[in-house]
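What follows is one structure encoded as structure tokens, with my remarks underneath.
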Amino acid sequence: MSLVAGVVAVQGDVEEHASAIERTAESRGYEVDVREIRESGIVPACDLLAMPGGESTTISRLVHSEGIAPEIVAHVEAGKPLLATCAGLIVASRDAADDRVDELELIDVTVERNAFGRQKDSFEAPLSVDGLADEDPYPAVFIRAPAIEAVGSADVLASWDGRPVAVRDGPVVATAFHPELTPDSRVHGLAFFDNEAAFVPSLENTVR
Ligand SMILES: NC(=O)CC[C@H](N)C(=O)O
286 MSLVAGVVAV QGDVEEHASA IERTAESRGY EVDVREIRES GIVPACDLLA
336 MPGGESTTIS RLVHSEGIAP EIVAHVEAGK PLLATCAGLI VASRDAADDR
386 VDELELIDVT VERNAFGRQK DSFEAPLSVD GLADEDPYPA VFIRAPAIEA
436 VGSADVLASW DGRPVAVRDG PVVATAFHPE LTPDSRVHGL AFFDNEAAFV
486 PSLENTVR
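Below is the structure:
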């Protein structure tokens with residue numbers, strides 16, 4: 286069984302997501318072909334997608350100018366899984382409160398960019414995340430992270446400092462932190478293989 290995974294690669298920490306996806310798929314016994322997405326035409330062939338951290342205004346501008354944005358929307362509308370992290374969460378949100386971000390409106394949340402204070406620009410926190418394979422705390426790395434300010438129909442999976450930092454909205458799982466930067470692949474596992482609301486075409490008719 287070989288899966289096709291896409292990592293939105295217009296900007297941001299692409300390699301780390303590609304490695305995390307390979308690790309996660311292998312641990313589940315699947316082969317995976319990871320494709321870096323810098324142009325339109327690749328997303329429709331993908332079973333699952335990651336939109337990484339980086340600089341959200343740049344990622345937003347390029348996914349629109351390259352014609353990738355409507356393909357990501359169609360992927361999610363088809364029920365296929367998307368993991369959106371940090372800047373990816375900002376771009377996928379309903380409202381990022383910044384005119385330079387043209388949101389994809391895939392997650393019913395409002396976010397505030399760079400919301401965790403200056404002394405906390407970068408930090409690691411042990412999080413309790415709903416839906417992970419076990420209950421051990423998840424080592425979450427935050428780098429100039431956004432906060433999720435208002436949650437509509439999305440489910441909150443984890444909070445830190447009284448604010449939601451991981452959510453699920455149908456086939457989309459999104460985090461304010463960077464699950465691709467730690468060897469712990471449970472968040473990728475949740476987003477791609479354990480989300481009952483998501484459909485992975487290549488795994489249809491296989492026992493997960
Ligand atoms: N690590 C990140 O992805 C940071 C996101 C960045 N602060 C932004 O708003 O685009």
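Using this note's numbering, you'd call the opening residue of the sequence shown number 286 and step up by one each time.
C-beta: ideal position from N, C-alpha, C; glycine also.
All figures in this text were calculated on a predicted structure; none of them were measured in a lab.
- Judged by DSSP in its simplified three-state form, residue 424 adopts strand.
- Excluding its 5 nearest sequence neighbours in each direction, residue 296 has C-beta neighbours in its own chain below 7 Å: 339, 340, 343, 344, 347, listed in chain order.
- Residue state for residue 392 is assigned as strand, using DSSP reduced to three classes.
- Minimum Cα-Cα distance from residue 440 among the listed residues 455, 427, 428 corresponds to 455.
- In terms of CA proximity to residue 360, 291 leads the group 291, 421, 410, 305.
- Rounded to whole angstroms, the separation of the alpha carbons of residue 451 and residue 418 is 16 Å.
- The nearest non-hydrogen atom of ligand 1 is 7 Å or more from the C-beta of residue 464.
- In this structure, the beta-carbon distance from residue 457 to residue 332 does not fall below 8 Å.
- Annotated as proximal: residue 354 and residue 389, with beta-carbon spacing under 8 Å.
- Within the chosen limit of 7 Å, ligand 1 does not reach the beta carbon of residue 449 with any heavy atom.
- Per DSSP, the continuous beta strand (DSSP E) segment holding residue 460 begins and ends at 457 to 460.
- Using a Cβ distance threshold of 8 Å, residue 356 and residue 378 do not count as a contacting pair.
- In the three-state reduction of the DSSP assignment, residue 363 falls in the coil class.
- Contact between residue 415 and residue 461 is absent: CB atoms are separated by about 15 Å, not below the 8 Å threshold.
- Remark: the shortest separation between the CB of residue 429 and any heavy atom of ligand 1 falls under 7 Å.
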